[in-house]
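Chemist: In our numbering, the protein residues as written are 36 to 221. Below is a structure I'd like to ask you about.
What follows is the structure, encoded as structure tokens:
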């Protein structure tokens, strides 16, 4: 990492930090009610998912960002929407075997472009059990698309999450075990 030598990434229980996390979510997305709904409803549901991993990046006491994910599965809202967006071969490759979904990755604007997002993303991928990972980002976000391209993610398809959602893309990344218990990106 450049610029962030004192940054630490650690796995935490997010529920006791929900107020602070909501503020990072709000700052990163510029979202008010969406952040409140995420903190009150979606995050408590997500912590119960298989292989749930929640990481925070801090410099001292300052929370720079957070990210989390879990094993995706059919009959989950996100996976079902993505399955409709992918063709049969893509579903077989990306969704049929167990896969990891990066659900949220947010960094305070003051920490963006300083390595915090890449550190969180790399640690999430190294702490999960699958050989592939998926995520989605808004189609119109050039900054996010550039970030994921820099981190070797492949854009797979446009995905429609329904009324009230902007256009999104689903992205995937193949992961390969370098040595037992360690994952790296190829």
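Just so it is clear, CB atoms sit at the ideal spot from N, CA and C, and this is done for glycine as well.
Note down the Cα distance separating residue 129 from residue 119, rounded to an integer number of angstroms.
Modeler: Residue numbering aside, residue 129 sits at position 94 when the chain shown is read from its first letter. Residue numbering aside, residue 119 sits at position 84 when the chain shown is read from its first letter. Residue 129 and residue 119: Cα-Cα distance of roughly 13 angstroms.
Chemist: Grab me the residues of residue 165's own chain with a C-beta within less than 6 angstroms of its C-beta, minus the 5 sequence neighbours each way, in chain order.
Modeler: The residue given as residue 165 occupies position 130 in the chain shown. Within the same chain, residue 165 has close Cβ partners 133, 134, 135.
Chemist: Helix, strand or coil for residue 163 per DSSP?
Modeler: Here residue 163 corresponds to residue number 128 of the chain shown, with the count starting at 1. Three-state DSSP puts residue 163 in coil, outside helix and strand.
Chemist: In or out: residue 109 buried (at least 16 other Cβ within 10 Å) or exposed?
Modeler: Here residue 109 refers to the residue found at position 74 of the chain shown. Counting Cβ neighbours within 10 Å, residue 109 comes out exposed, since fewer than 16 surround it.
Chemist: Alpha carbons only, please: which of 173, 187, 145 is nearest the one belonging to residue 201?
Modeler: Counted from its first residue, the chain shown places residue 201 at position 166. Of 173, 187, 145, the residue nearest in Cα terms is 173.
Chemist: Within a Cβ cutoff of 8 angstroms, which residues of the same chain sit near residue 115, ignoring the five residues on either side of it in sequence?
Modeler: The count along the chain shown starts at 1 and reaches residue 115 at position 80. Once the five neighbours on either side are set aside, the close Cβ partners of residue 115 are 109.
Chemist: Do residue 155 and residue 168 have their C-beta atoms closer together than 8 angstroms?
Modeler: Translated into the one-based positions of the chain shown, residue 155 becomes position 120. Translated into the one-based positions of the chain shown, residue 168 becomes position 133. No, these two residues do not count as a Cβ contact at 8 angstroms.
Chemist: May I ask you to list the residues that DSSP assigns as paired with residue 44?
Modeler: Within the chain shown, residue 44 is the residue found at index 9, counting from 1. According to DSSP, which records beta bridges pairwise, residue 44 is partnered with 92.
Chemist: Report back the beta-carbon spacing between residue 98 and residue 59 to the nearest angstrom; my notes put them in contact at under 8 angstroms.
Modeler: The residue given as residue 98 occupies position 63 in the chain shown. The residue given as residue 59 occupies position 24 in the chain shown. That pair is a contact at about 6 angstroms.
Chemist: In its own chain, which residues sit with a C-beta less than 8 angstroms from the C-beta of residue 203, not counting the 5 before and 5 after it?
Modeler: Here the question's residue 203 lines up with position 168 in the chain shown. Once the five neighbours on either side are set aside, the close Cβ partners of residue 203 are 171, 172, 173, 174, 193, 194, 195, 196.
Chemist: Taking the alpha carbon of residue 80 as the point to measure from, which residue in 100, 95, 104, 163 has its own alpha carbon closest?
Modeler: For this step, residue 80 is matched to residue 45 along the chain shown. Ranking 100, 95, 104, 163 by Cα distance to residue 80 puts 104 first.
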